[in-house]
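Structure, as structure tokens:
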Amino acid sequence: MKYLQELKAVLEKMGPELNQKCDFAWTKLAEHIEDKLCNPPERDSALIELANRRSGTNGPMPEDAEFKFYEINSHPLAKEKLQDPFYWKIADDLAPIGNDTAADALSNFWPWRETAGFLPTLWFVEEEFVHWGYSREQLNQVLVGAWEDRTESSKYHLAANVFDALVVAIAYGQFLKEGCVDLELREEALKALDRQLHPKVINYTCAYPREGEKAFQKSKEGLMMMPIKKYSVGDSIKKHVFRSATGIIKRFLR
108 MKYLQELKAV LEKMGPELNQ KCDFAWTKLA EHIEDKLCNP PERDSALIEL
158 ANRRSGTNGP MPEDAEFKFY EINSHPLAKE KLQDPFYWKI ADDLAPIGND
208 TAADALSNFW PWRETAGFLP TLWFVEEEFV HWGYSREQLN QVLVGAWEDR
258 TESSKYHLAA NVFDALVVAI AYGQFLKEGC VDLELREEAL KALDRQLHPK
308 VINYTCAYPR EGEKAFQKSK EGLMMMPIKK YSVGDSIKKH VFRSATGIIK
358 RFLR
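Residue numbers (the numbering used here): 108 to 361.
So this is what it looks like as structure tokens:
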């Protein structure tokens, strides 16, 4: 609650000016944040709740719905574009949403996106990576580090592989949920797949490198089918407010 009070103080400071310039209802935003923080959804039930909401029912999901959640509840454009069953596999380590990293990430991302649809998705990726116990130094290494660093350190190599799987999964997750993807997120996902296609990496991570190469190339093709998201003026304003309080948000907006 302490962090919430700090955030509200930031909103109270900036709110009147935003009200004058663009009729921004900062008090409603503060109330909305407080409600979500005080009444967070149970993670185990969050996806089921979302599925029921989309289907317009409150009853139990079909027996196979747990395994076909994304096929059932994804945006129509995602269903139209991603015709190959490969993209929907949830038990294939080479598929974009089929590995354990993707499963954990998407179970957090979909509920989070319900209340934070105006924030850049790459922000979520970086915060989730750190939340899993990796340091910001490791994050920076993954993003800008040299190949020599990656191939000579097993610890760094593991962190880099986790990040690559994470950013690809969230790029697909955003497209499945919204029918579009943030440009910055897609670019990072493409870079991640290029890293995975590096001979030294793919020979280390894949028992069958040729299969891995085909899968990663197909994942890149899928990313290029995704239209870029365009944020509204209102979303841009909200994003500005949150970025002004980034130090506070990072501590509690989970």
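The C-beta atom is built at its ideal place from N, Cα and C for all residues, glycine as well.
In this structure, DSSP gives I344 a helical state, which the three-state scheme calls helix. In the displayed model, I179 falls within a helix according to three-state DSSP.
Apart from sequence neighbours up to five positions away, the residues of its chain that approach M332 with a beta-carbon distance below 8 Å are K188 and L189, ordered along the chain. Contact between the stretch 294 to 304 and the stretch 338 to 347 is absent: fewer than 3 CB-CB pairs across the two stretches fall below 8 Å. Here the alpha carbons of E295 and S326 stand approximately 13 Å from one another.
By the Cβ test, the stretch 210 to 230 is in contact with the stretch 272 to 280, since at least three Cβ pairs between them sit closer than 8 Å.
Separation of I179 and F225 (C-alpha to C-alpha, rounded to the nearest whole angstrom) is 24 Å. Linking R220 to Y315 through their CA atoms gives a straight-line distance of about 35 Å. Distance from the CA atom of G329 to the CA atom of E244, rounded to whole angstroms, is 30 Å. With contacts defined as CB atoms closer than 8 Å, V288 and K336 qualify as a contacting pair. Cβ-Cβ distances below 7 Å link A278 to V288, L292, R293, A296 and L330 in the same chain, with the five nearest sequence neighbours on each side left out; the list follows chain order. Runs of the alpha helix (DSSP H) lying entirely within the stretch 288 to 332 and spanning at least 4 residues, in chain order: 290 to 304, 306 to 312 and 316 to 331. For I277, the three-state secondary structure derived from DSSP is helix.
By the criterion of a C-beta distance shorter than 8 Å, F193 is surrounded in its chain by D199, A202, A322 and K325, once the five residues flanking it on both sides are discounted. Bounds of the alpha helix (DSSP H) holding N247 are R243 to V251.
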